[in-house]
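Note sheet for the following structure.
Numbering (the UniProt record's numbering), first residue to last: 1 to 135.
Set out below in structure tokens:
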């Protein structure tokens, strides 16, 4: 945390903290907001998930997108880390793999804002594979 040297510094700090508190308060109705979950297990962190999460938070805030960006544990896609799950209001979650800051920008611009699918989606067919193993 930086030192407060003036009243302007104090006001700036207050605004930043109010934004963070606002994010927590908005989470009372998450189904009405864009939700982004960043996989932050060991493999995700080693692959750059922390940087991706910070970038997503900054970009969503900069573009005034009503969103909640949170971290989660292992999603089971170690081969595709960093991975994020994006849920648009009223839609099923979509998981993206190999997400770096450039890919995060593309996901925000095309998928979150315009609703267009982008490359990097991890299909949800793992249940089918699991079912076939039991046969």
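Ideal Cβ placement from N, Cα and C applies to all residues, glycine included.
Within 8 Å, strictly: CB atoms of residue 81 and residue 44: Translated into positions along the chain shown, residue 81 becomes position 81. Translated into positions along the chain shown, residue 44 becomes position 44. Contact flag set, yes.
May I have the straight-line CA-CA distance separating residue 100 from residue 84, to the nearest angstrom? As a working note, residue 100 is residue 100 in the chain shown. As a working note, residue 84 is residue 84 in the chain shown. Distance between the alpha carbons of residue 100 and residue 84 is about 10 Å.
Please classify residue 72: does DSSP put it in a helix, a strand, or coil? As a first step, residue 72 is located in the chain shown; it is residue number 72 there, counting from the start. Annotated three-state conformation of residue 72 is strand, per DSSP.
Of the choices 41, 121 and 9, whose alpha-carbon is the least far from that of residue 78? Start at 1 with the first residue of the chain shown, and residue 78 comes out as number 78. Of the candidates 41, 121 and 9, the one whose C-alpha sits nearest the C-alpha of residue 78 is 41.
C-beta atoms of residue 107 and residue 86 nearer than 8 Å: As a first step, residue 107 must be located in the chain shown, where it is residue number 107. As a first step, residue 86 must be located in the chain shown, where it is residue number 86. Between residue 107 and residue 86, the gap from beta carbon to beta carbon is short of 8 Å.
7 Å CB neighbourhood of residue 11 in its chain, flanking five on each side removed: For the purposes of this step, residue 11 is taken as the residue at position 11 of the chain shown. Cβ within range, chain order: n/a, list empty.
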